[in-house]
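Residue numbers (the numbering used here), protein chains in the order written: chain X, 0 to 359; chain Y, 0 to 359.
Backbone N, C-alpha and C define an ideal beta-carbon position, used for all residues, glycine too.
Okay, so here's the structure we're looking at.
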């Protein structure tokens, strides 16, 4: 059992030693020779070779097919020469694997067949058996063998973001049912988040045991709440996931959209690298992260606005140089977008960003 | 011509004198006997009497029918006893009235028939003739006669938010075409915002001349940009609208969602009352607004989370008391939501919030 291996062996010894990989150097808080760069959603719809592979493959089926996961994860590494690969997956994969009925509907997003809103529905939520995501572990092992010196980032959705999808039944603009449950039935809320923390932790432990070199915890919707709500209802569960991963020794990246006001609180839950969206400059972000963790290195990831990538190369070049300059305020900086690559992005722009970063 | 009247007469003398109305007392920076309260989107889908009236009336047609505007605006005043009425309208009304082809599609929002993305398309944008919104002026005059001592708030969408709808062609999650134009073709961007500032100003001047007691400028999408972008590409146009309205002597409220980081910059463009969403406490908001305008009164509006209104009365009561307590950090506070009333809100909860605020 993959999960048992992660408990009984020291995962770090099973992994490749990529100490000189620029992405991992930066994640430790040191400055590599050039700014490392990768892109959230680099393995995805901006690439014609991705769209060709996905044409007759539903999302969840693709995520559970190791050969496809491997190929889709490798595509942007081959094409752009990015400094890290990110596992092709979806934040709903562990829920799907555990047996929660859901679909990823093109143009809509995740749709959960039966929303989870009551205490009995929370109690009925299945636990994730590591064997149920064995295909993901297989994909990670295949990738580690293929990737050579390029690090592989695993990922999972954070408990709050998974909770919002489960409670709302799908993507939500206002998260009204999630917030009503959080405030109106806090015991049910905490029971749900408790289960989702375990599920998320299991999924990440499987990936770590199989050999990922770093993990990113996506709390996509955290920007919908106030800092007060974040600290009371969300932070304890993200902290449990990240703290129990600490022993694995891989860098832990944490990211949410619209979370400028939460950067301190999100650092405190146990992130080694804090992802920043485009709304806050990296200079300001560095101050907030450093204030929250004054004794560790301040490492930021981001924060090009993905929309700006549609404005033509001269604008993109100017923005890349600005972001890298602002990133000097941190101890180390991983160049990335402030959100995922937009589908209509010209992939050549991504390649040029990598070339520019590597020339600096 | 209504517009000419607004230039040649002093609009304040044409208006009712409601100096003691709690909402207007607070808007001046003083503390009325009880916290004044109204709700964004109070005239709307949470009310069965509204849904009955709108059943066979498309949105834009309803907004251009004075009797309907009057009745819908009055409904929440009668039902809840709020301290202010807000004109029933839509931010797309002045564009529609000027002749831009668009629809408000139920479940989607505004859909613009031909997106505006080029210099020639910007030049072809029609100017708003005040006569084209004469029905809105008529509705305002009817309302002023009906409302007695309850102030009437007029409103308009801010130039950036209108620009995003025009450029994207409809609601947008990423505003990618708007941002690409902003950064990639700044001359076209500024020409567009220049025209939209004039359109917004004309629409608000018509409302002021007809007798509204305050105005709110909604920059719904401002939270999508960084402060740097806001100051360079957006603020000058909002400032033009608000500064040219100053002579009218009515309080100017300014509001956007997710704009905690922009509260200072949005105050500087000329707001008398700053609307705050639920993500930032009013105590923190007061510091930011005061820092941006140290010599004027700090007046805040907000910031109950509309989603929390679905969590049951005990939670709502606790949140109302917390928000009112945090609002003490400002010189004055208008109790409101941090965004519009959600359609599934129980209207009785709104009535109870008003009763609670009036009892404090």
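> For residue 314 of chain Y, which option in X:179, X:54, X:33 has the closest C-alpha, if you only look at C-alpha atoms?
Replying inline: X:179
> Which residue spans inside the segment 244-292 of chain X form an unbroken beta strand (DSSP E) run of at least 3?
Replying inline: 251-254, 272-275
>> To be precise: take each residue of the segment 217-240 of chain X, compare its Cβ to all Cβ atoms of chain Y, and keep it if any distance is under 9 Å. Which residues remain?
In response: 222, 223, 224, 225, 226, 227, 228
> What are the boundary residues of the alpha helix (DSSP H) that residue 135 of chain Y is part of?
Replying inline: 133-146
>> Just to check my reading of the structure: residue 67 of chain Y and residue 155 of chain Y have Cβ atoms closer than 8 Å, yes? What is that Cβ distance to the nearest angstrom?
In response: At roughly 19 Å, the Cβ-Cβ gap does not stay under 8 Å, so residue 67 of chain Y and residue 155 of chain Y are not in contact.
> So which residues on chain Y does residue 175 of chain X lean against when the C-beta distance must stay under 8 Å?
Replying inline: 305, 306, 309, 341, 343
>> What does the Cβ neighbour count give for residue 111 of chain Y, buried or exposed, with the cut at 16 atoms within 10 Å?
In response: buried
> What is the rounded straight-line gap between the Cα of residue 115 of chain Y and the Cα of residue 245 of chain X?
Replying inline: 51 Å
>> On the DSSP letters alone, give me the boundaries of the beta strand (DSSP E) that residue 109 of chain Y sits inside.
In response: 108-111
>> Given this structure, state the Cα-to-Cα distance separating residue 193 of chain Y from residue 203 of chain Y, to the nearest angstrom.
In response: 16 Å
>> Pull the bridge partners of residue 102 of chain X from the DSSP assignment, please.
In response: X:110
> By Cβ distance, which residues of its chain are closer than 8 Å to residue 335 of chain Y, with the 5 residues on each side in sequence left out?
Replying inline: 36, 37, 38, 39, 274, 300, 301, 302, 303
>> Can you check whether the C-beta of residue 201 of chain X is within less than 7 Å of a C-beta belonging to chain Y?
In response: no
> Taking the alpha helix (DSSP H) that residue 357 of chain Y falls in, what are its first and last residues?
Replying inline: 346-358
> residue 357 of chain Y and residue 33 of chain Y: beta carbons closer than 7 Å?
Replying inline: yes
>> For residue 262 of chain Y, which residues in the same chain have their Cβ closer than 8 Å to its Cβ, ignoring the five residues on either side in sequence?
In response: 273, 275, 279, 284, 287, 288, 291
> Using the beta-carbon of each residue, which ones in chain X are nearer than 9 Å to residue 314 of chain Y?
Replying inline: 179, 182, 183
> What residues in its chain sit with their C-beta under 8 Å from that of residue 46 of chain X, if we drop five residues either side in the sequence?
Replying inline: 74, 75, 78, 346
> Is any beta-carbon of chain X found at less than 7 Å from that of residue 278 of chain Y?
Replying inline: yes
>> For residue 186 of chain Y, tell me which candidate among Y:119, Y:129, Y:145, Y:170 has the shortest Cα-Cα distance.
In response: Y:119
> Under 8 Å Cβ-Cβ, which residues of chain X neighbour residue 260 of chain Y?
Replying inline: 259, 260, 278, 279
>> Using a Cβ-Cβ cutoff of less than 6 Å, which residues in the same chain neighbour residue 108 of chain Y once the five nearest sequence positions on both sides are dropped?
In response: 170
>> So, with DSSP's three-state summary, where would you put residue 174 of chain Y?
In response: coil
> Expressed to the nearest angstrom, what Euclidean distance is found between the alpha-carbon atoms of residue 25 of chain X and residue 322 of chain X?
Replying inline: 16 Å
>> Suppose only complete runs of 4+ residues qualify. What are the alpha helix (DSSP H) ranges in the segment 19-68 of chain X, listed by chain order?
In response: 21-26, 47-53, 58-62
>> How far does the alpha helix (DSSP H) with residue 166 of chain Y in it extend, from its first residue to its last?
In response: 158-167
> How long is the line joining the alpha carbons of residue 329 of chain X and residue 22 of chain X, rounded to whole angstroms?
Replying inline: 15 Å
>> Could you check whether residue 236 of chain X and residue 158 of chain X sit closer than 7 Å to each other, using their CB atoms as the reference points?
In response: yes
>> I need the boundaries of the beta strand (DSSP E) containing residue 215 of chain Y, first residue and last residue.
In response: 213-217
> Looking at C-beta atoms only, is the number of pairs between the segment 250-265 of chain X and the segment 223-236 of chain X that lie closer than 8 Å three or more?
Replying inline: yes
>> Does any residue of chain X have a CB that is nearer than 7 Å to the CB of residue 0 of chain Y?
In response: With a pLDDT of 30 at residue 0 of chain Y, under the threshold of 50, the predicted position of this residue should be treated as unreliable, though the coordinate-derived value follows. Cβ-Cβ to chain X under 7 Å: no for residue 0 of chain Y.
> Considering only the beta carbon of each residue, do residue 153 of chain X and residue 81 of chain X sit closer than 7 Å?
Replying inline: no
> Where does the unbroken alpha helix (DSSP H) through residue 300 of chain Y begin, and where does it stop?
Replying inline: Residue 300 of chain Y -> not in any alpha helix (DSSP H); beta strand (DSSP E) instead, spanning 298-303.
> Who are residue 155 of chain Y's beta bridge partners in DSSP?
Replying inline: Y:216
>> Here's a check: name, in chain order, each residue in its chain whose Cβ is nearer than 7 Å to the Cβ of residue 331 of chain Y, leaving out the five neighbours to either side.
In response: 25, 28, 29, 30, 296, 298
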